[in-house]
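Read the structure below first, then the notes.
Number of protein chains: 2
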Amino acid sequence: MSGLRARQKADRHRRIIEAAADLFREAGYEGAKIETIAAQAEVSIGTIYNYYENKGDILGAIVSMEVNEVLNAGRGVVANPPANVGDALDTLLGIYIEHSLHYLSKEMWRQAMAISTQLPDSPFGQAYTGLDRALTEQISALIARLQEIGLARGDIDGPALGELIFNNMNMMFIEFVKRDEARIAELRAAIRRQNRILVAAIAV
Amino acid sequence: MSGLRARQKADRHRRIIEAAADLFREAGYEGAKIETIAAQAEVSIGTIYNYYENKGDILGAIVSMEVNEVLNAGRGVVANPPANVGDALDTLLGIYIEHSLHYLSKEMWRQAMAISTQLPDSPFGQAYTGLDRALTEQISALIARLQEIGLARGDIDGPALGELIFNNMNMMFIEFVKRDEARIAELRAAIRRQNRILVAAIAV
DNA sequence: CACAAAAACAGAATTGACTCAATTTTAGAA
DNA sequence: TTCTAAAATTGAGTCAATTCTGTTTTTGTG
Numbered sequence: 017m018s019g020l021r022a023r024q025k026a027d028r029h030r031r032i033i034e035a036a037a038d039l040f041r042e043a044g045y046e047g048a049k050i051e052t053i054a055a056q057a058e059v060s061i062g063t064i065y066n067y068y069e070n071k072g073d074i075l076g077a078i079v080s081m082e083v084n085e086v087l088n089a090g091r092g093v094v095a096n097p098p099a100n101v102g103d104a105l106d107t108l109l110g111i112y113i114e115h116s117l118h119y120l121s122k123e124m125w126r127q128a129m130a131i132s133t134q135l136p137d138s139p140f141g142q143a144y145t146g147l148d149r150a151l152t153e154q155i156s157a158l159i160a161r162l163q164e165i166g167l168a169r170g171d172i173d174g175p176a177l178g179e180l181i182f183n184n185m186n187m188m189f190i191e192f193v194k195r196d197e198a199r200i201a202e203l204r205a206a207i208r209r210q211n212r213i214l215v216a217a218i219a220v
Numbered sequence: 017m018s019g020l021r022a023r024q025k026a027d028r029h030r031r032i033i034e035a036a037a038d039l040f041r042e043a044g045y046e047g048a049k050i051e052t053i054a055a056q057a058e059v060s061i062g063t064i065y066n067y068y069e070n071k072g073d074i075l076g077a078i079v080s081m082e083v084n085e086v087l088n089a090g091r092g093v094v095a096n097p098p099a100n101v102g103d104a105l106d107t108l109l110g111i112y113i114e115h116s117l118h119y120l121s122k123e124m125w126r127q128a129m130a131i132s133t134q135l136p137d138s139p140f141g142q143a144y145t146g147l148d149r150a151l152t153e154q155i156s157a158l159i160a161r162l163q164e165i166g167l168a169r170g171d172i173d174g175p176a177l178g179e180l181i182f183n184n185m186n187m188m189f190i191e192f193v194k195r196d197e198a199r200i201a202e203l204r205a206a207i208r209r210q211n212r213i214l215v216a217a218i219a220v
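One line per chain: the protein sequences are H and D, in this order.
Position one of the first sequence corresponds to residue 17 (the working numbering), numbered consecutively onward.
Position one of the second sequence corresponds to residue 17 (the working numbering), numbered consecutively onward.
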């Protein structure tokens with residue numbers, strides 16, 4: 017039952033993603049033609065569209081892998097947070113940001129974000145919304161953890177705060193990927209400055 | 017010197033924008049073909065591209081008008097803010113949000129936002145970044161005003177707070193336009209809930 | 001008023017994402 | 001092993017944004 021067909025399918029998925037990732041890196045998202053991806057993956061154009069609804073979904077598959085890695089890395093911080101609110105937030109958001117350009121270029125991020133708002137109901141659009149939610153929840157989980165430990169005030173609206181922090185970081189990240197010359201260190205510093213207001217309000 | 021050519025130019029700009037706005041409303045952004053816009057504006061396809069770099073820039077011109085109206089409306093609130101921090105913020109952000117769907121549909125917003133991150137260096141991409149900045153600064157100006165009046169603590173980092181509030185609202189607005197069934201009232205309520213944390217931290 | 005240069009216009013040609021009807025491959029029943 | 005239905009693949013064709021090149025209009029000068 018797990019026969020040939022399933023194996024070929026998985027293999028073709030892999031070949032398409034690999035070819036696309038290579039070409040996106042080399043030529044950029046716009047520069048990578050479906051025709052070229054198909055050729056490099058040794059499948060036809062039609063097959064690509066059998067596996068992915070549109071070009072954006074191919075990029076989406078790559079972005080999802082990246083974000084899932086980030087979520088994974090974040091778990092460690094939530095389980096074992098630094099001993100004060102400011103550092104805990106900075107560490108978690110730092111992981112998100114530092115990881116972000118490992119596999120994806122700024123251009124790829126720009127495209128991915130654009131597609132996710134342009135086609136919110138496409139497979140990737142929905143997946144992306146889910147990833148955002150997962151990140152938001154991880155931040156909320158960190159806050160809940162800090163409240164448990166007694167590092168953050170218990171009367172704070174944790175979920176709302178998590179959204180606030182994620183939304184702000186995400187918007188800052190969008191502006192960051194829009195400017196090629198923007199540096200990660202500056203991004204982190206700016207976010208720290210903004211979060212300082214919150215940290216002051218919620219630290220015990 | 018201000019002769020025929022300049023007048024024709026202004027007239028063609030107007031005709032293109034009007035035709036595009038009509039068609040975007042009727043058929044949606046994707047559904048509106050450049051060919052049709054050109055026909056309705058009584059110019060050729062080539063001429064449209066002489067006036068706008070790409071389809072997105074046409075939408076951009078419409079969005080810019082809308083946001084400028086919103087900025088204008090916001091000035092009144094900054095000049096004469098409600099007598100407490102929570103209401104002042106709610107009133108200003110309320111104006112932004114309530115105005116937002118006057119001329120633009122959610123689909124048009126989705127496209128506009130997507131384009132602004134996809135092509136940050138296109139004329140519209142840059143304009144959009146400028147508009148975001150102007151909105152952020154207006155929020156910061158409101159905070160400064162509240163600090164002057166003595167309604168907000170003077171030791172708060174106003175500019176950073178302005179960014180935080182704008183970024184959060186903007187991200188919430190993006191999620192709002194991504195879901196057709198989302199309602200303005202719910203959006204405002206969610207933002208109020210998030211801002212409550214900030215209001216508690218900065219109100220005198 | 002002519003006329004040359006500059007600016008604007010026009011629309012056919014190009015390009016690249018995506019579709020679709022025909023063909024090939026696989027699964028599994030007889 | 002043979003056969004048939006279902007699943008998957010293929011690539012030529014479609015569609016719409018954008019480009020490009022030749023033509024027309026405007027401007028300012030002699």
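Heads up, the beta-carbon is just placed ideally off N, CA and C, and yes, glycines get one too.
Here the structure is a predicted model, which is why all the values come from computation and not from measurement.
What residues in the region 169-188 of chain D bring their beta carbon closer than 7 Å to a beta carbon of chain H? Ile-172, Asp-173, Ala-176, Leu-177, Glu-179, Leu-180, Asn-183, Asn-184, Asn-186, Met-187, Met-188
Within 8 Å of any Cβ in chain H, is that where the Cβ of D:Met-17 sits? Confidence in D:Met-17 is poor, its pLDDT being 43 and thus under 50, which makes the residue's placement unreliable; the coordinate value appears in the next sentence. Not closer than 8 Å to any Cβ of chain H, the Cβ of D:Met-17 fails to qualify, so no.
Interface partners of H:Gln-134 on chain D, CB under 7 Å: Arg-126, Gln-127, Ala-130
Roughly how many angstroms lie between the CA atoms of H:Ser-116 and H:Ala-198, to the nearest whole one? 14 Å
Where H:Ile-64 and H:Gln-210 are concerned, what is the direct C-alpha to C-alpha distance, given to the nearest angstrom? 44 Å
Please report the distance separating the alpha-carbon of D:Ala-224 from that of D:Ile-111. Nothing can be reported for residue 224 of chain D, as the shown portion of chain D is limited to 17 through 220.
Buried or exposed: where does D:Ser-132 fall if 16 or more other Cβ atoms within 10 Å of its Cβ makes it buried? buried
Looking at the unbroken alpha helix (DSSP H) that takes in D:Asp-106, where does it start and where does it end? 101-116
Count Cβ pairs between the region 117-129 of chain D and the region 53-69 of chain D that sit closer than 8 Å; are there 3 or more? no
H:Ala-217 vs D:Ala-216 beta-carbon contact at 8 Å: yes
At 7 Å on the CB atoms, spell out the chain D contacts of H:Gln-210, in chain order. Ala-176, Glu-179, Leu-180
Is any beta-carbon of chain D found at less than 8 Å from that of H:Ile-74? no
Who are the near neighbours of H:Ala-48 in its chain, counting only those whose CB is closer than 8 Å to its CB and skipping five residues on each side? Ala-36, Leu-39, Phe-40, Glu-42
Mind checking who D:Ala-168 pairs with in its DSSP beta bridge? D:Ala-219
Should D:Leu-158 and D:Leu-108 be called a contact, given that it needs their Cβ atoms to be closer than 8 Å? yes
Helix, strand or coil: which one does DSSP assign to D:Asp-196? coil
Where does D:Lys-25 land, buried or exposed, given buried means 16+ other C-beta within 10 angstroms? exposed
Expected contact under 8 Å - CB spacing of H:Phe-182 and H:Ile-113 to nearest Å: Between H:Ile-113 and H:Phe-182 the Cβ distance is about 12 Å, and since that is not below 8 Å, they are no contact.
Anyone know if the C-beta pair for D:Val-59 and D:Arg-28 falls short of 8 Å? yes
In three-state DSSP terms, what is D:Ala-206? helix
In chain order, what residues of the same chain lie with their CB nearer than 8 Å to the CB of D:Glu-34, ignoring the 5 residues before and after it? Ala-57
Give me the chain H residues within the contact set of D:Ile-190, using Cβ-Cβ distance strictly less than 7 Å, ordered along the chain. Thr-133
On the criterion of 16 or more Cβ atoms from any shown chain inside 10 Å, does H:Ala-22 qualify as buried, or is it exposed? exposed
Residues in the same chain with beta-carbon distance under 8 Å from D:Leu-180, minus the five sequence neighbours each way, listed in chain order, please. Leu-214
Counting only Cβ pairs nearer than 9 Å, list the residues of chain D close to H:Phe-213. The question names Phe, but residue 213 of chain H in the sequence shown is Ile. What H:Ile-213 touches in chain D: Ile-172, Asp-173, Ala-176, Leu-177, Leu-180, Leu-214, Ala-217, Ile-218.
Rounded to a whole number of angstroms, what is the C-alpha to C-alpha distance between D:Ile-50 and D:Asp-137? 22 Å
Report the option in H:Ala-54, H:Phe-140, H:Ile-200 whose CA atom is closest to the CA atom of H:Ala-128. H:Phe-140
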